[in-house]
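Enquirer: In the order they appear, the protein sequences are chains A and Y.
So the first sequence is numbered by this note's numbering: it starts at 2 and just counts up by one.
So the second sequence is numbered by this note's numbering: it starts at 13 and just counts up by one.
In this text, a Cβ means the ideal position worked out from N, Cα and C, and glycines have one as well.
Everything numeric in this text was worked out from a predicted model, so none of it was measured.
Okay, here's the structure, questions in a sec.
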Amino acid sequence: MAVRTIDVRERVMARNDELAALVRQRLQASGVPSFNLVSSPGSGKTSLLERTLEVLGEELGIAVMTGDVQTQNDADRLARRTERLVQAVVTGGACHLDAAQVTAALEAIDLERTRLLFIENVGNLVCPASWDLGETAKIVVLSVTEGEDKPLKYPKMFRMARYAVLNKIDLLPHLDFDLDLAVRYAREINPELRFFFTSARSGEGLDEWFQFLRAEARAPAHR
Amino acid sequence: MHELSLALEVCRIAEASAAPHPARAVRAVAVEVGKDAGIELENFRFCLEALLSDVPFAGARAELTTLPGTDLRVTHLEVDDGRPDD
Numbered sequence: 002m003a004v005r006t007i008d009v010r011e012r013v014m015a016r017n018d019e020l021a022a023l024v025r026q027r028l029q030a031s032g033v034p035s036f037n038l039v040s041s042p043g044s045g046k047t048s049l050l051e052r053t054l055e056v057l058g059e060e061l062g063i064a065v066m067t068g069d070v071q072t073q074n075d076a077d078r079l080a081r082r083t084e085r086l087v088q089a090v091v092t093g094g095a096c097h098l099d100a101a102q103v104t105a106a107l108e109a110i111d112l113e114r115t116r117l118l119f120i121e122n123v124g125n126l127v128c129p130a131s132w133d134l135g136e137t138a139k140i141v142v143l144s145v146t147e148g149e150d151k152p153l154k155y156p157k158m159f160r161m162a163r164y165a166v167l168n169k170i171d172l173l174p175h176l177d178f179d180l181d182l183a184v185r186y187a188r189e190i191n192p193e194l195r196f197f198f199t200s201a202r203s204g205e206g207l208d209e210w211f212q213f214l215r216a217e218a219r220a221p222a223h224r
Numbered sequence: 013m014h015e016l017s018l019a020l021e022v023c024r025i026a027e028a029s030a031a032p033h034p035a036r037a038v039r040a041v042a043v044e045v046g047k048d049a050g051i052e053l054e055n056f057r058f059c060l061e062a063l064l065s066d067v068p069f070a071g072a073r074a075e076l077t078t079l080p081g082t083d084l085r086v087t088h089l090e091v092d093d094g095r096p097d098d
């Protein structure tokens, strides 16, 4: 038997990065900004999106694709808040979304009618940081029921994000969470981070978040 | 946590790279793992060996080399072309 060597020299992320570049191209050509929402499980990504869809879903023509490891529960929850299609992506065990899944989910979205796209990633502060999805920016959600040092523990995610939402601030009076410390830690990792302080439950801080989204969304088509 | 996804992609690359060659079997898959690639090496080895134990690889070896940097790269394959030794 003759054993031969075949040269490969291929980066394992190469295919994902190619697909992400195509997604980015397509969204840019349509003028649709896209935000990849990342956080640990239970920080309130879905609740924040529910409130956002209620108020801005129609106005901004928001499309959503939402990733879950095993259920469509988040997609079902969000679908109740909007007339528009919510694309569920069930990863079947994988701990993150990848660009191939986003490519497939994008097929079902009418970009002509879309001015803003949210991609709700799987709740996980580690793996989603490594997969480019072709998004405009990552938004990391951190809730005040977590530790202030999450940015130090998961630096890659906070480095990759352009925006941070500190959520559940209605609970601050009941907790020992030091908001300033959390912000300081996050800025140590990423001085450029822009913060929002919200409670998806009470509505506190959401006005600024909504203003931001209105400014970011594609301008409405002239008729 | 994402080591299995990466190992699956390594197998996809290995299969695609071996396909154009008249190889009977893949004997080894060589992978370079960057120390800062965010990969837990032993977990990754476990996933890759488990995948390589199944078709179409049927027991190919995983040859992992660590080096500085953030890349994860399939460097080469060893294949058995089924011909008698020269």
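Could you tell me which chain Y residues have their CB closer than 7 Å to the CB of A/A95, listed as they occur along the chain?
Expert: Under the 7 Å cutoff, chain Y gives S17.
Enquirer: Does DSSP classify Y/L20 as helix, strand or coil?
Expert: helix
Enquirer: Mapping the DSSP letters down to three states, classify A/I170 as helix, strand or coil.
Expert: helix
Enquirer: On the DSSP bridge list, what partners appear for Y/E75?
Expert: Bridge pairing for Y/E75: Y/A42 [DSSP].
Enquirer: Sorted by chain position, which residues of the same chain lie with C-beta nearer than 6 Å to A/E51's C-beta, five sequence neighbours on each side aside?
Expert: R82
Enquirer: Pull up the distance between the alpha-carbon of A/R224 and that of Y/I25, whole angstroms please.
Expert: In this prediction, A/R224 scores a pLDDT of 48, lower than 50, which makes its location untrustworthy; the coordinate-derived value is nonetheless stated afterwards. Rounded to whole angstroms, A/R224 to Y/I25 spans 48 Å at the Cα level.
Enquirer: For A/L20, count the other beta carbons within 10 Å of its own beta carbon; 16 or more makes it buried, fewer makes it exposed. Which is it?
Expert: buried
Enquirer: Could you tell me how far apart the beta carbons of Y/R39 and A/V4 are, in whole angstroms, since I believe they sit closer than 8 Å?
Expert: 6 Å
Enquirer: Can you tell me whether DSSP reads Y/S65 as helix, strand or coil?
Expert: In the structure shown, Y/S65 sits in coil (DSSP, three-state: anything other than H, G, I, E or B).
Enquirer: What does the alpha-carbon distance come out to for the pair Y/D66 and A/D150?
Expert: 42 Å
Enquirer: Less than 9 Å between the C-beta atoms of A/I86 and A/P129, yes or no?
Expert: The displayed chain sequence assigns Leu, not Ile, to residue 86 of chain A. One thing to note: A/L86 has its Cβ no nearer than 9 Å to the Cβ of A/P129.
Enquirer: Consult DSSP for A/E136 and reduce its assignment to one of helix, strand or coil.
Expert: coil
Enquirer: With a threshold of 9 Å between beta carbons, is Y/V91 in contact with chain A?
Expert: At a cut-off of 9 Å between beta carbons, Y/V91 contacts chain A.
Enquirer: Using beta carbons (cut-off 9 Å, strictly below), is Y/E21 in contact with chain A?
Expert: yes
Enquirer: Mind checking who A/L121 pairs with in its DSSP beta bridge?
Expert: A quick correction: the sequence has Glu, not Leu, at residue 121 of chain A. Paired residues: A/L38, A/T67.
Enquirer: Note the first and the last residue of the continuous beta strand (DSSP E) segment covering A/F198.
Expert: 195-198
Enquirer: What is the DSSP secondary structure of A/V127, counted as helix, strand or coil?
Expert: coil
Enquirer: Assign A/Q29 to one of three DSSP states: helix, strand, or coil.
Expert: Reduced to three states, the DSSP call for A/Q29 is helix.
Enquirer: Could you name the residues of chain A that Y/T87 contacts, counting a contact when the two beta carbons are closer than 8 Å?
Expert: Simply D8, V9, R10.
Enquirer: Please report how far the alpha carbon of A/V91 lies from the alpha carbon of Y/E44, in whole angstroms.
Expert: 30 Å
Enquirer: Enumerate in chain order the residues of its own chain whose CB-to-CB distance from A/G62 is below 6 Å, with the five nearest sequence positions on each side excluded.
Expert: If we look at A/G62 and ignore the five residues flanking it on each side, its Cβ neighbours are R114, T115, R116.
Enquirer: Using the beta-carbon of each residue, which ones in chain A are nearer than 8 Å to Y/G50?
Expert: V127, A130, S131, K157
Enquirer: Closest to A/M158 by C-alpha separation, out of A/G124, A/R16, A/A222, A/L49, would be which residue?
Expert: A/G124
Enquirer: Under a three-way DSSP split, which group does A/R224 fall into?
Expert: Its pLDDT being 48, under 50, A/R224 is placed unreliably in this model, and the value from its coordinates should be taken loosely. Assignment of A/R224 by DSSP, reduced to helix, strand and coil, places it in the coil class.
Enquirer: Closest Cβ-Cβ distance between Y/S29 and chain A: below 9 Å?
Expert: yes
Enquirer: On the three-state DSSP scale, how would you describe A/Y186?
Expert: helix
Enquirer: Which value, in whole angstroms, describes the spacing of the CA atoms of Y/R95 and A/R12?
Expert: 30 Å
Enquirer: Does the stretch 164-182 of chain A come close enough to the stretch 195-206 of chain A that 3 or more CB-CB pairs lie under 8 Å?
Expert: yes
Enquirer: What does the alpha-carbon distance come out to for the pair A/G148 and A/S41?
Expert: 11 Å
Enquirer: DSSP has A/A89 in a bridge; who is on the other side?
Expert: A/T67
Enquirer: From A/L214 to A/D111, what distance separates their C-alpha atoms?
Expert: 19 Å
Enquirer: Taking C-beta to C-beta, are Y/L89 and A/V56 nearer than 9 Å?
Expert: no
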